[in-house]
Amino acid sequence: MGETITFWVLAVVSVGAALGVVFNRKAVYSALMLGTVMLCLAVLYAVQDAPFLAAVQIIVYTGAVMMLFLFVLMLVGVDSSDSLVETLRGQRFWAIIAGVGFAALIILAVGNAIFAPQTGLAMATGQGGYIRSIALLLFTKYVFAFEVTSALLITAALAAMVLAHRERLAKKATQKDLSKARFLGDRPSPLPGPGTYATGNAIDMPALLPDGSVAESSVNRYIARYDVEHGHLPEDPKLAEAIKHRAEEESK
Amino acid sequence: MTTHYLILSGLLFAIGAMGVLIRRNAIVVFMCVELMLNACNLAFVTFARQVGNLEGQIIAFFVMVVAAAEVVVGLAIIVTIFRTRRSASVDDANLLKY
Amino acid sequence: MESPAEIIQHTAGGAIGVSWLMIALPLLGAFILLVFNRFTNRWGHLLGVAMSLASFAVAVLAFVELLGLGEDQRRRAVRLYEFIPSLKLDMGLLVDPLSVSFALLITGVGSLIHIYSIGYMSHDPDRRRFFSYLNLFVAAMLLLVLSDNYVGLFIGWEGVGLASYLLIGFWQFKPSAAVAAKKAFVVNRVGDFGLLVGMFIIWTSFGSLAFKDLGAQQIGTASDGTLTAIGLLLLLGACGKSAQLPLQSWLLDAMEGPTPVSALIHAATMVTAGVYLVVRSGAFFEASDVASLVVTIVGVATLLAGAIIGCAKDDIKKGLAGSTMSQIGYMMLGAGLGPAGYAFAIAHLIAHGFFKADMFLGAGSVMHGMNDEVDMRKYGGLRKYMPITFATFMVGYLAIIGFPFLSGFYTKDGIIETAMEHGAWMGWLAVLGAGITGFYMSRMIFMTFFGEKRWEKDAHPHESPSVMTVPLILLSIGSIVLGYFLIMDNRLMHFLAPAVGMPEHAPVPHVFSTTTVGLSTLALVAVGAAIAWMKYGRAQVPAVQPRGSFLTTFARRDLYGDALNESLFMRPGQWLTRIAVYFDNRGIDGLVNGLAAGIGGSSGRLRRLQTGFARTYALSILIGAALLTGALLLVGNI
């Protein structure tokens, strides 16, 4: 009875989360949804007399793989979201038809099948207990596959290093180079901080120069854009104009 | 209960497959592939209990290991492509065609 | 009747032992001249002459050595090396009276013509190439006559064909020369086909291609049909090489080559290879009455055809070419008459080699002085300007028409008398041919050397240099004495007997024969010459060719030989080709191209499936998986 309740709760959650993986526009949300599915599955493994796999699922998948996904998302750009327009003609329609059809066929097949009562793992794990039985299989019958997977993992690690490695094409800039570039450029001094000489010292408050004009570069471009998008503009039209200008500058 | 688990597995698999077909972001596509692999693992574990044999769990274990390796390489490829093309869309990598 | 002697393996050294040098030396000359081509430009002609003379020297030594042997010892086989093991064939040379006679003629006359060519070709920038081809020809011709088997003979046969092709087309910038060379080559292939098939039959019937295995006794076992087939096929080969009917058409065009070539190849030596083949294969022809009869018919027909063609030609070289055809017709006739005729045929061949080479070189000398003009209507009155050429040409002329006591008189009369014994009809036709010879040769003499000048304005006839006249003089001496020398006491007949056999009743030669046949021949020749005098000596010769009667046109067109070939072979062949091309284009190519276009077109459409979008491919995979699952469900295996 306990298992049935667990199953139904987790089944609904995992199917919902799986749909969330597919239909969320933002990749980070998809990743979080996937983590949810994996956790649900880990519990289902545990329920089904597979505590070892449940642990591995949490450690390897939710722990390592999902973290890797998130790292890559960081590298590629967190805010990059898919556009909703489908460019391939008929792709979405046929994808849904095929997916639903496939699911229907599986359900039909499994539903029609008549299963014997569950045997349970009691016999298989009889001597020495569960972990010993798993270890026995892994290091005797499947030892060759096990060794091969270790080779595979090493190869994959090497491959990832080779693929992600970037050759340095130019010499690394030293502090000397950086200061040279700075003094040869058009602004040797640091940028003005926000809020200088202004009525407030918030981070999105542009600084005023000694002659009273607005220093646009004192506000971070991302913040300016956030302000424009969310309508948090200062009341002073001169300052508002400067922030808008700064936000547009970024969007170019 | 076996039937229920298997149907859940099939549903997750189909949803993952649809995700692969519909999404364009390569990372999300990858996530959907992982989802499909997990669905398979659920079926393996279920059958292991059904027939009273630990070997299904062993296979699921190997699937996880291989999936981990695959994710490592796949993500490295995605990063490399993104670095050169500034795009993570699977549709943009379509040079290998007629 | 006395049959030929056994062939004896020659083990001793001497000139016969090194007789291969005869072939090797000119071949080496040709090789050097062709390989080191323009580096040898300055002295190449001298090398060519030297090689030819050296070959002649070896031939003379071999001849002398042969004379020193007993009569039944005179057929010497010289083994060189194992040639084709699967045919059990060794390459070897057969030095016997027949081959030595030919070798002497080829190298002797060949050397004289080599020397003459130094002068004749002196202004040609390609003189070195000319001499290399001449040397090549001499080597191939010697291989032809010296080989002790049919395969070696065939190699030489093809070699002379090649040299002939190269030399006819020597001035390949002239389209007419290139076409003539091609024509000679193609027509000769027809003959070669006959020779080859004949060789095949010989091999399958007797298991050997060596002459020593093909004597009269060895071939006696074969059926009449086989022997007749072999004889006729060999005759076809001979007709091709010797320009006998029906393969005569190439010889007149072959006159496009330089005149020394016409003299050497297309008068004195190569065209007589057919006669050599018939005589060498005498055993087959003697064994088959049909084959030998056909040989005589071909000979008679050709001697008349050549003579008629010769009557109508205004081109001096073509006139001589017609005459050559006709004279080889006589030789063929003689060769078809069996052992009684062989000696006369060979004697006529040798004498003809001299007087025809003499006249050809004389014609070359005339052309040399007349800016290479060949039209006799533009000659006339040249005897005062070229005395030596005139004198030597006259000797050749008198020899060919059979003027008493000159070469042609003895050799041709010998053939005619022998023919008369075999069949009156062929004898009288041969007499008629002699009469026509008298007419056309006299016509040539009158038009060229007598009468008034009809020259082009810029012609300044002059005598040729001595490098050209000396060979002429030597050749005319040969033309005077050879006939008497060879025929008297049956000298050549006895000499050749070991090689070709001896007739039962050897004829008794007279210094001046007073038989009806001999006298009527002389009378007819005189009549012919008289008609020629009336028409071309006394009367004015029009400088432009008159239209002429139907008969004249007939002769001018080479008896419509080319037209016949064209309508019988060329046009049907062309139609066949066109039909084949049509079927190839529409049928075979259509099928292949249609298939290719179909596959190409459908591939062009199918490849659109390869969009490059991974998601499309994934979709098709999923659809495929769904369909498979559905199918498994339907058949009830799930």
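Residue numbers (our numbering), protein chains in the order written: chain A, 50 to 301; chain B, 1406 to 1503; chain C, 920 to 1557. Don't be surprised by glycine CBs; every beta carbon is placed ideally from N, CA and C. Every value quoted in this text rests on a predicted model; they were computed, and no experiment measured them.
Inclusion of residue 280 of chain A and residue 1545 of chain C in the CB contact set at 8 Å is not warranted, their separation being larger than that value. Residue 1498 of chain B is outside the set of residues whose beta carbon lies under 8 Å from a beta carbon in chain A.
Taking C-beta separations shorter than 8 Å and ignoring five residues to either side along the sequence, the partners of residue 66 of chain A in its chain run 82, 83, 85, 86, 89, following chain order. Across the set A:102, A:54, A:224, A:284, the C-alpha of A:102 shows the shortest separation from the C-alpha of residue 184 of chain A. Under the three-state reduction of DSSP output, residue 1434 of chain B falls in the helix class.
Contact between the region 1493-1506 of chain C and the region 271-288 of chain A is not established, with fewer than three Cβ pairs separated by less than 8 Å. Distance check between residue 1368 of chain C and each of C:1332, C:1308, C:1420, C:1402 places C:1308 closest, using alpha-carbon atoms only. About 15 Å separates the beta carbon of residue 1201 of chain C from that of residue 1156 of chain C, a gap too long to meet the 8 Å contact definition.
For residue 998 of chain C, the pairing in a beta bridge is given by DSSP as C:1011. The C-alpha of residue 1300 of chain C lies about 21 Å from the C-alpha of residue 1392 of chain C.
The beta-carbon of residue 1538 of chain C is placed less than 8 Å from the nearest beta-carbon of chain A. For residue 143 of chain A, the neighbours in chain C by C-beta distance under 8 Å run, in chain order, 1538, 1542. In the three-state DSSP reduction, residue 1182 of chain C falls in the helix class (H, G or I).
DSSP, reduced to helix, strand and coil, places residue 165 of chain A outside both helices and strands of the structure shown, so it counts as coil. Straight-line spacing of the CA atoms in residue 946 of chain C and residue 1054 of chain C works out to 6 Å. For residue 1341 of chain C, the closest of C:1065, C:1259, C:1149, C:1223 by C-alpha to C-alpha distance is C:1259.
Remark: three or more beta-carbon pairs, one from each stretch, lie closer than 8 Å, so the region 992-1003 of chain C and the region 928-938 of chain C are flagged as touching. In the three-state reduction of the DSSP assignment, residue 293 of chain A falls in the helix class, which pools H, G and I. Those residues of the region 135-159 of chain A placed with their C-beta closer than 8 Å to a C-beta in chain C are 137, 140, 143, 144, 147, 148, 150, 151, 154, 155, 157, 158, ordered along the chain.
When 9 Å is used as the limit between beta carbons, residue 1505 of chain C is near no residue of chain A, the shortest such separation being about 43 Å. In the structure shown, residue 224 of chain A falls within a helical segment according to DSSP collapsed to helix, strand and coil.
Separation of residue 1166 of chain C and residue 1107 of chain C (C-alpha to C-alpha, rounded to the nearest whole angstrom) is 8 Å. Within chain A, the residues 154, 157, 158, 161 have their CB atoms less than 9 Å from the CB of residue 1552 of chain C, given in chain order. Neighbourhood of residue 1413 of chain B in chain A, by CB distance below 9 Å: 56, 59, 60, 63, 64, 93, in chain order.
Taking 4 residues as the minimum length, the alpha helix (DSSP H) runs contained wholly in the region 1056-1120 of chain C are 1069-1087, in order along the chain. As computed with DSSP, residue 1127 of chain C is found in no beta bridge at all. In the three-state DSSP reduction, residue 1385 of chain C falls in the helix class (H, G or I). With respect to the C-alpha of residue 266 of chain A, the residue from A:143, A:253, A:70 having the closest C-alpha is A:253. In chain order, 1430, 1431, 1432, 1483, 1486, 1487 place their CB closer than 8 Å to the CB of residue 1493 of chain B, counting only its own chain and leaving out the 5 sequence neighbours on each side. In the displayed model, residue 1498 of chain B falls within coil according to three-state DSSP, outside both helix and strand. Excluding its 5 nearest sequence neighbours in each direction, residue 1438 of chain C has no C-beta neighbour in its own chain below 6 Å. Counting only the Cα atoms, residue 1306 of chain C lies some 38 Å from residue 1104 of chain C. Of all residues in the region 1449-1479 of chain B, none has a C-beta nearer than 9 Å to a C-beta of chain C. The residues 1440, 1441, 1443, 1444, 1447, in chain order, have a CB closer than 8 Å to that of residue 1417 of chain B in the same chain once the five nearest residues on each side in sequence are set aside. Annotation: Cβ neighbours of residue 1529 of chain C in chain B (cutoff 9 Å, chain order): 1501, 1502, 1503. Between the C-alpha atoms of residue 1224 of chain C and residue 1478 of chain C there is a straight-line separation of about 7 Å.
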